[in-house]
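Engineer:
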Ligand SMILES: Nc1nc2c(ncn2[C@@H]2O[C@H](COP(=O)(O)OP(=O)(O)OP(=O)(O)O)[C@@H](O)[C@H]2O)c(=O)[nH]1
Ligand SMILES: Nc1nc2c(ncn2[C@@H]2O[C@H](COP(=O)(O)OP(=O)(O)OP(=O)(O)O)[C@@H](O)[C@H]2O)c(=O)[nH]1
Ligand SMILES: [Mg+2]
Ligand SMILES: [Mg+2]
Ligand SMILES: [Zn+2]
Ligand SMILES: [Zn+2]
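Protein chains in written order, with the working numbering: chain Z, 553 to 757; chain W, 553 to 757.
(1) Mind the definition here: the stretch 582-602 of chain W touches the stretch 729-737 of chain Z only if three or more C-beta pairs lie below 8 Å; say whether that holds.
(2) Who's in the neighbourhood of ligand 3, going by beta-carbon under 6 Å from any heavy atom, listed in chain order?
(3) What residue range is occupied by the uninterrupted beta strand (DSSP E) comprising residue 578 of chain Z?
(4) To which residues does DSSP link residue 685 of chain W through a beta bridge?
(5) For a minimum of 3 consecutive residues, which ranges assigned as the beta strand (DSSP E) are wholly contained in the stretch 643-707 of chain Z?
(6) Find the residues of chain Z that neighbour residue 581 of chain W, judging by a C-beta separation of less than 8 Å, and give them in chain order.
(7) At a threshold of 8 Å, does residue 632 of chain W count as lining ligand 6 (C-beta to nearest heavy atom)?
(8) With C-beta atoms as the reference, is residue 755 of chain W less than 9 Å away from residue 681 of chain W?
(9) Please list the partners that residue 698 of chain W has in chain Z, where partner means a Cβ-to-Cβ separation under 9 Å.
(10) Any contact between the stretch 569-589 of chain Z and the stretch 678-697 of chain W? By contact I mean 3 or more CB pairs, one from each, below 8 Å.
(11) On the DSSP bridge list, what partners appear for residue 623 of chain W?
(12) Between the stretch 647-675 of chain W and chain Z, which residues of the former have a C-beta closer than 9 Å to a C-beta of the latter?
(13) At the 9 Å Cβ level, is residue 741 of chain W part of the contact set with chain Z, yes or no?
(14) What's the C-alpha gap between residue 634 of chain W and residue 611 of chain W?
(15) Please find out if some non-hydrogen atom of ligand 1 comes closer than 8 Å to the beta-carbon of residue 665 of chain Z.
(16) For the stretch 564-578 of chain W and the stretch 669-680 of chain W, state whether three or more C-beta atom pairs, one from each stretch, are separated by less than 8 Å.
(17) Would you mind working out which of W/668, W/643, W/735 and W/562 sits nearest residue 581 of chain W, comparing C-alpha positions?
(18) Flag this pair as yes or no: are the beta carbons of residue 725 of chain Z and residue 737 of chain Z separated by less than 9 Å?
(19) Which residues of chain Z have a Cβ atom closer than 9 Å to the Cβ of residue 680 of chain W, listed in chain order?
(20) Just curious, the beta strand (DSSP E) that residue 605 of chain Z is in, first and last residue?
(21) Hey, out of Z/711, Z/558, Z/665 and Z/695, whose CA is closest to residue 694 of chain W's CA?
(22) Suppose you measure from the CA of residue 757 of chain W to the CA of residue 619 of chain Z; what does that come to, to the nearest Å?
(23) Can you check whether the CB of residue 673 of chain Z is closer than 9 Å to the CB of residue 566 of chain Z?
(24) Please find out if some non-hydrogen atom of ligand 4 comes closer than 8 Å to the beta-carbon of residue 611 of chain W.
(25) Check whether the Cβ of residue 731 of chain Z lies closer than 8 Å to any heavy atom of ligand 2, and answer yes or no.
(26) Which residues in chain W sit within 8 Å of residue 588 of chain Z, going by Cβ to Cβ distance?
(27) With residue 564 of chain Z and residue 645 of chain Z assumed to form a contact (beta carbons below 8 Å), what rounded beta-carbon distance in angstroms separates them?
(28) To the nearest angstrom, how far is it from the Cα of residue 606 of chain W to the Cα of residue 706 of chain W?
(29) Can you determine whether any heavy atom of ligand 2 sits closer than 8 Å to the C-beta of residue 528 of chain W, and answer yes or no?
Quick look at the structure:
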């Protein structure tokens, strides 16, 4: 929980700094292995010529995700939280302190793999995007109403596995609509590329 | 983080209470949708005649998991944390306050879907079991070394999907061994039943 609203304040500062430098910043969150990195890799492939992109990866340990995305010709930065289960606005500000933000049009921040805590910590991004995966089973939306309420769009990933896993994707979308009738929902497969154009449209990129 | 060791203290109290009533308690943790509930359902089917079982489910919202497990003829209890991303020892003690623990031989506690925080909060259980799933991708072990260090056994679930997902299960086990050379590792499919007997042996049930 954000005691004393300290994170809200830090997020507002980040948002102002990003606006000042013309950065469009997206906070990509979701549980472990829902496809956040693969999705960002696909977005970098599709948008790398149109925008100058920086990718900031957040994990307790390793630089695996930043290294993966760096293969796609974009600049990357890794934040290791060591014990914190979510990125917060202060960590992001500190990580970007020595970065010349005027070099970038778009910044993708991949949050720590966790469907709960990152929802409570805005980073100053333009949009907080939640990536859920069909492999998480049919109940993950109903079990995390706060996360759905606090985000700006929901991406249902790994739809290429819908038949193999016997998951009813319509039911998942209904669960989302029940919590937020108007939130954008995009069905994608980061693996096959299905839905990536719709996602780009939802992001306004 | 467990400030001032308050949770450690509460966990010790729980452990003493469980010993006093002859309860063997297992804390089952893992990220969202890794198969914790399906695994517990399988264990209840296999062990329900041999032991009197209580299942305690932890989630931010809903009683979906307790309801699922109740179908297998065992007593269940649901804890809704509302915002907390992990169960702690105090929540467990409060939930069990009006329960006659002498009625049970085995208690399965399913923690909140989260690979990070529950690792830092012992509940007073005999063993903390981490369930990882092949659907989380190949890097989840390296990214969560603290979780692996703090648990007593690792269950690699959904191995029935190994080929379809092209995941190298040996590599995942090597990553675990790198962090803890001696920790028991069991490969299972909660869906097909593969490995459940090995898991029962590892649990000492
Ligand atoms: N079938 C299928 N697999 C996918 C898809 N997207 C990702 N994966 C697989 O899911 C696993 C995890 O993908 P990642 O991109 O590492 O997921 P992540 O959310 O970044 O994971 P963490 O950052 O570790 O939480 C990998 O094995 C991917 O190949 C998809 O659309 N379809
Ligand atoms: N193929 C396959 N699917 C599985 C297996 N175990 C669980 N699943 C599926 O994975 C999804 C999630 O299973 P659950 O048992 O609800 O997982 P969970 O860890 O309890 O989920 P939460 O409590 O919501 O975090 C469901 O769609 C299950 O059918 C398995 O061994 N193989
Ligand atoms: Mg990633
Ligand atoms: Mg469950
Ligand atoms: Zn947290
Ligand atoms: Zn936590």
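Where a beta carbon is used, it is the ideal one built from N, C-alpha and C, also for glycine.
Structural biologist: Quick look at the numbers:
(1) In short, these stretches do not touch, since the Cβ pair count stays below three.
(2) Z/588, Z/589, Z/617 and Z/662
(3) 576-581
(4) W/709
(5) Counting only unbroken stretches of 3 or more residues, the beta strand (DSSP E) elements lying wholly within the stretch 643-707 of chain Z are 658-662 and 679-685, in sequence order.
(6) The contacting residues do not exist; residue 581 of chain W stays about 12 Å from chain Z at best.
(7) no
(8) yes
(9) 612, 613, 634 and 635
(10) yes
(11) Paired residues: none, contrary to the question.
(12) 664, 665, 666, 667, 668, 669 and 672
(13) Not an interface residue.
(14) 8 Å
(15) Yes, the beta carbon of residue 665 of chain Z sits closer than 8 Å to at least one heavy atom of ligand 1.
(16) Under the Cβ criterion (8 Å, minimum of three pairs), the stretch 564-578 of chain W counts as touching the stretch 669-680 of chain W.
(17) W/668
(18) yes
(19) None at all; the shortest Cβ gap to chain Z is about 17 Å.
(20) 605-611
(21) Z/665
(22) 43 Å
(23) no
(24) yes
(25) no
(26) Here the premise fails: no neighbours, minimum Cβ distance about 10 Å.
(27) Contact flag wrong, Cβ pair sits at about 11 Å.
(28) Between residue 606 of chain W and residue 706 of chain W, the C-alpha separation is close to 22 Å.
(29) Nothing about residue 528 of chain W can be reported from this structure: the residues present for chain W run from 553 to 757 only.
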